[in-house]
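*Asks:*
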Amino acid sequence: MADVIDDAQAIQDEHLARSIAAARAPIPAGEPGECDECGYDRPRLVRGRCAFCRDGRPPRPWTTTSRADHPAH
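Note that the working numbering has the sequence shown beginning at 26, numbered continuously upward.
(1) Could you tell me whether the segment 66-79 touches the segment 32-49, where touching means 3 or more Cβ pairs closer than 8 angstroms?
(2) If we ignore side chains and look at the alpha-carbon of each, how far apart do I52 and G73 end up?
(3) Buried or exposed for H95, going by 16 or more other Cβ atoms inside 10 Å?
(4) Can you look up A97 in the DSSP assignment and give me helix, strand or coil?
(5) My parser needs the beta strand (DSSP E) runs of 3 or more residues fully inside the segment 49-88; what are they?
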């Protein structure tokens, strides 16, 4: 017959299994280019958006580089 400690161990095992499964979730592939939302050139875009735009954060000033700022353009 299971007691409280056995139940707690079962809950902990389920939690650990779910946590490991969540950590193994695939990371979408990214590609460099210009963000569709903010227009800045970024080294990794996922579905056309940079990390700042996907997360809803404003970009840091030292990381913003527009294509117009590049000497080649």
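Note that CB positions come from ideal geometry on N, CA and C, so glycine has one too.
*Replies:* The answer reads as follows:
(1) The segment 66-79, when compared against the segment 32-49, does not touch it at the 8 angstroms Cβ threshold.
(2) Here the question's residue 52 lines up with position 27 in the sequence shown. Here the question's residue 73 lines up with position 48 in the sequence shown. Spanning the two alpha carbons is a distance of roughly 15 angstroms.
(3) Stepping through the sequence shown from its first residue, residue 95 is reached at position 70. Because H95 carries a pLDDT of 47, less than 50, the predicted location of this residue cannot be relied on, and no value is offered for it.
(4) For the purposes of this step, residue 97 is taken as residue 72 along the sequence shown, with counting starting at 1. Because A97 carries a pLDDT of 45, less than 50, the predicted location of this residue cannot be relied on, and the following value inherits that uncertainty. Three-state DSSP puts A97 in coil, outside helix and strand.
(5) Fully enclosed beta strand (DSSP E) runs of 3 or longer: 56-59, 66-70.
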